[in-house]
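Worksheet: the structure to be examined is printed underneath.
Protein chains: 2
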Amino acid sequence: MPRSAGRQKSALTIHDVARHAGVSPMTVSRVINGEKNVRDATREAVNAAIRDLNYQPNPAARSLAGAGLIRIGLLHSNARSVHLGELLIGCLDQCSRSNIQLIVEQCDAAHAEAVAAQLANSAIDGVILPPPLCDAPEVTRALAASQIPVVVVAAGRPPADVSAVRIDDVQAAHEMTRHLVGLGHRRIGFIKGHPDQTASGQRLDGYLAGLSEVGVAAEQSLIQQGDSTYRSGLDAAARLLALAEPPTAIFASNDDMAAAAVAAAQRRGLDVPRDVTVVGYGDSTLATATWPELTTIRQPIGDMSREAVTLLANEIRARRSGDEAHPRHALQAFALIRRGSDGPPKPP
Amino acid sequence: MPRSAGRQKSALTIHDVARHAGVSPMTVSRVINGEKNVRDATREAVNAAIRDLNYQPNPAARSLAGAGLIRIGLLHSNARSVHLGELLIGCLDQCSRSNIQLIVEQCDAAHAEAVAAQLANSAIDGVILPPPLCDAPEVTRALAASQIPVVVVAAGRPPADVSAVRIDDVQAAHEMTRHLVGLGHRRIGFIKGHPDQTASGQRLDGYLAGLSEVGVAAEQSLIQQGDSTYRSGLDAAARLLALAEPPTAIFASNDDMAAAAVAAAQRRGLDVPRDVTVVGYGDSTLATATWPELTTIRQPIGDMSREAVTLLANEIRARRSGDEAHPRHALQAFALIRRGSDGPPKPP
DNA sequence: CTGAAAGCGCTTACAG
DNA sequence: CTGAAAGCGCTTACAG
Numbered sequence: 014m015p016r017s018a019g020r021q022k023s024a025l026t027i028h029d030v031a032r033h034a035g036v037s038p039m040t041v042s043r044v045i046n047g048e049k050n051v052r053d054a055t056r057e058a059v060n061a062a063i064r065d066l067n068y069q070p071n072p073a074a075r076s077l078a079g080a081g082l083i084r085i086g087l088l089h090s091n092a093r094s095v096h097l098g099e100l101l102i103g104c105l106d107q108c109s110r111s112n113i114q115l116i117v118e119q120c121d122a123a124h125a126e127a128v129a130a131q132l133a134n135s136a137i138d139g140v141i142l143p144p145p146l147c148d149a150p151e152v153t154r155a156l157a158a159s160q161i162p163v164v165v166v167a168a169g170r171p172p173a174d175v176s177a178v179r180i181d182d183v184q185a186a187h188e189m190t191r192h193l194v195g196l197g198h199r200r201i202g203f204i205k206g207h208p209d210q211t212a213s214g215q216r217l218d219g220y221l222a223g224l225s226e227v228g229v230a231a232e233q234s235l236i237q238q239g240d241s242t243y244r245s246g247l248d249a250a251a252r253l254l255a256l257a258e259p260p261t262a263i264f265a266s267n268d269d270m271a272a273a274a275v276a277a278a279q280r281r282g283l284d285v286p287r288d289v290t291v292v293g294y295g296d297s298t299l300a301t302a303t304w305p306e307l308t309t310i311r312q313p314i315g316d317m318s319r320e321a322v323t324l325l326a327n328e329i330r331a332r333r334s335g336d337e338a339h340p341r342h343a344l345q346a347f348a349l350i351r352r353g354s355d356g357p358p359k360p361p
Numbered sequence: 014m015p016r017s018a019g020r021q022k023s024a025l026t027i028h029d030v031a032r033h034a035g036v037s038p039m040t041v042s043r044v045i046n047g048e049k050n051v052r053d054a055t056r057e058a059v060n061a062a063i064r065d066l067n068y069q070p071n072p073a074a075r076s077l078a079g080a081g082l083i084r085i086g087l088l089h090s091n092a093r094s095v096h097l098g099e100l101l102i103g104c105l106d107q108c109s110r111s112n113i114q115l116i117v118e119q120c121d122a123a124h125a126e127a128v129a130a131q132l133a134n135s136a137i138d139g140v141i142l143p144p145p146l147c148d149a150p151e152v153t154r155a156l157a158a159s160q161i162p163v164v165v166v167a168a169g170r171p172p173a174d175v176s177a178v179r180i181d182d183v184q185a186a187h188e189m190t191r192h193l194v195g196l197g198h199r200r201i202g203f204i205k206g207h208p209d210q211t212a213s214g215q216r217l218d219g220y221l222a223g224l225s226e227v228g229v230a231a232e233q234s235l236i237q238q239g240d241s242t243y244r245s246g247l248d249a250a251a252r253l254l255a256l257a258e259p260p261t262a263i264f265a266s267n268d269d270m271a272a273a274a275v276a277a278a279q280r281r282g283l284d285v286p287r288d289v290t291v292v293g294y295g296d297s298t299l300a301t302a303t304w305p306e307l308t309t310i311r312q313p314i315g316d317m318s319r320e321a322v323t324l325l326a327n328e329i330r331a332r333r334s335g336d337e338a339h340p341r342h343a344l345q346a347f348a349l350i351r352r353g354s355d356g357p358p359k360p361p
């Protein structure tokens, strides 16, 4: 008898994979869930079968049979953020691998308590907090009050009592400064980010370390305050370039402000990078949506999101099985991405 | 024996409701699904029990047992796209409402066939195609060959045989042109988008219509070809501004090129909008990550994504129940967002 | 380290 | 109009 019309074209199941690999369905399940007690040879055979057949586990079945679906909330402050796309791709990817349900919610710091209450009430097991929410004490406090585990992503100095995934902002900014010095720059301007974001301070520290490493004294006039927006970068860069002895390079602590610094330089008739070098930080979508494209520090937001999901899921599982859940801090590798906005200082 | 620690707090089931109402679980299922053949009295008893117990059906169980979970694929060409965040937010939102699984996959037009094959193989029921994939014939053709229903989002001229959600690009560009004319502009430059994107042609048509409406003849030199990138906008705007009689306003057919046009003007020492007006199209994240912020046409990408999911789900359900599925074309409202980059022409 | 059995909560297909 | 049986695809708990 044929399958009824309403039925889906039947997808592959764990049994197909088991048959293909010559093991039991149970073993396939173990491999899928990354359990320990499987011989390497067996594991590889199963993985090969999964690849061959292009098998994908049925999430409904996993939730139904499993120890309870994990539901993770991703709070963001702004749907227009330049990092949101990558952030979502990473979270989604890891969630689908681990059969975790992702609930995405918009949240202003102002309504943190209401949102936390709602999350607690709708059976959310944990929350991921990207910038700038990761640095909003109202939000982390409200979540802590509701006993909801949290992992902050890309915070400069994450609170000790919540999990975090980040890059070493001090090191990264240090390396960028070293790169600039290596190019021959000695007068390097710096544009600080929003004072509430803990990463801003870390990046400044890295810049300072890079300078002192080669015995260059920091100069107050070369360090200008921005607030992470394009507009603030424009003003800060203008101040820098109007200096009696302007910098030969400008290091902005995010890409928005770096793009603005490029614009500010060009407005004064300066060519980037021939007349002045400009570098950014973050490698947001903006870094390649400008000209010249920005030399910048790549924060691997996608991978950081993936790890955040994993950390959070582990913490949730530990809690469910009654174990104590210790917050973990993970550091990921950054990279200096060289594009078109940097070069040696202009010969006098 | 107690439930194992790992198990979630067990929720109410259809059996609890059945017992409470004095019927079989099957009857409860019928009531929940609004089937016809249930006596009114029985139906009411069941509904009362559902209310009394505050019962909520388990979605995982329904998907597993039922006519099959709907799985929708979202194909994107680039994780760094400035629209991806909003697009994902919209799809995710609608999918969670309708108990649909969203699978996000990266796809180059070059590997369209491989991706289509993989999707067909992994039991994806339908695919959403945002720009620029919506205009890639290789992709739509490969999907059609695999019999996978498609809905394209934000295509200028969607193929007649696939569903589509879009705004009226001709009208929108027409309205923007009318706005510029209303401000007093008569020499309006236009930067065309990538020739492969069907929306580019539509936007040009709207611009032309707006001009002819007030009896202004189109001028070839005022219409410059771009390719939708920032870089191309820079060059096109430079050509426009170098004209013997330059335009008093520039209408770029996307925000990337508009941001570039602003930069090009500023590089020539022109103030935007005092010396020259620049407007964009799309309201991408870029529109507010520049200065002045761009006056632009808002494409409601979030809502368009939501509707795309709904359209696709309906088409999938129709197919499954053996009905013929007609592609539908939905038009959403655009809006002219006025920000800081437009003004009246500079008095001579 | 691996597998056979039972069952997650619901719906389908059939029988009355 | 209603119900008893089987099964969706997976995981848990147990046994070896």
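Just so you know, the protein sequences line up as chains U and X, in that order.
Just so you know, we're using my numbering here: the first sequence kicks off at 14 and counts up by one.
Just so you know, we're using my numbering here: the second sequence kicks off at 14 and counts up by one.
By construction, the Cβ of each residue, glycine as well, lies at the ideal position given by its N, Cα and C atoms.
| Item | Value |
| --- | --- |
| Listed from N- to C-terminal order along the chain, which residues in the segment 237-249 of chain U have their beta-carbon within a distance smaller than 7 angstroms of any beta-carbon of chain X? | Y243, R244 and L247 |
| I want to know whether the segment 94-108 of chain U touches the segment 306-325 of chain U - three or more CB-CB distances under 8 angstroms. | yes |
| Going by Cα to Cα distance, which pick from X:A130, X:Q215 and X:T261 is closest to X:P286? | X:T261 |
| In angstroms with no decimal places, state the Cα-to-Cα distance between U:G19 and X:E328. | Confidence at U:G19 is low in this model, with a pLDDT of 31, below 50, so the placement of that residue should be treated as unreliable; the coordinate-derived value is given next. Spanning the two alpha carbons is a distance of roughly 13 angstroms. |
| Which term fits U:V30, buried or exposed, when burial requires 16 or more other beta carbons within 10 angstroms of its beta carbon? | buried |
| From what residue to what residue does the beta strand (DSSP E) around U:L146 run? | No beta strand (DSSP E) contains U:L146, which DSSP labels as neither H nor E. |
| Check the Cβ of X:Q312 against every Cβ in chain U and list those closer than 9 angstroms, keeping chain order. | Result: empty, since nearest Cβ-Cβ is about 13 angstroms, beyond 9 angstroms. |
| Looking at chain U, is there any beta carbon in it that lies within less than 8 angstroms of the beta carbon of X:D288? | no |
| Evaluate the contact criterion for the segment 82-99 of chain X versus the segment 35-45 of chain X: three or more CB pairs, one atom per stretch, below 8 angstroms. | no |
| Closer than 8 angstroms by beta-carbon distance: list the chain X residues that pair up with U:N67, in chain order. | Q131, N134 and S135 |
| What does X:D269 touch in chain U if you count any residue whose Cβ is under 8 angstroms from its own? | A302 |
| Can a CB atom of chain U be found closer than 8 angstroms to the CB of X:E99? | yes |
| Just verifying my parser: in three-state terms, what is the DSSP assignment at U:S176? | strand |
| Check whether the segment 232-249 of chain U touches the segment 158-171 of chain U, taking contact to mean three or more Cβ pairs, one atom from each stretch, closer than 8 angstroms. | no |
| Okay, do the segment 297-315 of chain U and the segment 339-359 of chain U touch, 3+ Cβ pairs below 8 angstroms being the bar? | yes |
| Going along the chain, which unbroken runs of the alpha helix (DSSP H) with 4 or more residues stay wholly within the segment 58-86 of chain U? | 72-78 |
| Considering only DSSP beta bridges, list what U:K205 is partnered with. | U:Q238 |
| Of all Cβ atoms in chain U, is any one closer than 8 angstroms to the Cβ of X:G315? | yes |
| 8 angstroms is my cut-off, CB to CB: does X:T308 come that close to chain U? | no |
| Measure from the alpha carbon of U:A129 to the alpha carbon of each residue in U:R43, U:L146 and U:I113, then state which is nearest. | U:L146 |
| Give the straight-line distance between the Cα atoms of U:V275 and X:G282, rounded to the nearest whole angstrom. | 15 angstroms |
| Examine chain U for any beta-carbon lying closer than 8 angstroms to the beta-carbon of X:V95, and answer yes or no. | yes |
| Keeping to the same chain, check which residues put their C-beta closer than 7 angstroms to that of X:G214; ignore five residues upstream and five downstream. | G169 |
| Is it right to say U:N50 is buried, meaning 16 or more other beta carbons lie within 10 angstroms of its own, or is it exposed? | exposed |
| On the criterion of 16 or more Cβ atoms from any shown chain inside 10 Å, does U:R179 qualify as buried, or is it exposed? | buried |
| Apart from the five residues just before and just after X:F203, which ones in its own chain have a Cβ nearer than 6 angstroms to its Cβ? | Y220, I236 and F264 |
| Using the beta-carbon count (16 or more within 10 Å), is X:D65 buried or exposed? | exposed |
| U:V291: buried (16+ other C-beta within 10 angstroms of its C-beta) or exposed? | buried |
| What first and last residue would you give for the alpha helix (DSSP H) that runs through X:A302? | X:A302 -> no alpha helix (DSSP H), and no H or E assigned at all. |
| Kindly indicate if chain U contains any beta-carbon less than 8 angstroms away from that of X:R179. | no |
| Just grab the DSSP bridge partners of U:A348 for me. | U:R311 |
| Round the Cβ separation of U:V227 and U:V183 to the nearest angstrom and send it over; I've been treating them as touching at under 8 angstroms. | About 17 angstroms; that fails the 8 angstroms criterion. |
| Does the beta-carbon of U:P15 have 16 or more other beta-carbons within 10 angstroms, so that it is buried, or is it exposed? | Residue confidence for U:P15 is low, a pLDDT of 28 falling below 50, so the modelled location carries little weight and cannot support an answer. |
| Is it the case that the Cβ atoms of X:G86 and X:L25 are separated by a distance below 8 angstroms? | no |
| Mind checking if U:V117 is an interface residue toward chain X, Cβ cutoff 8 angstroms exclusive? | yes |
| Quick test of your reading: U:L254 and U:A278, contact by CB under 8 angstroms. State the CB separation rounded to the nearest angstrom. | 6 angstroms |
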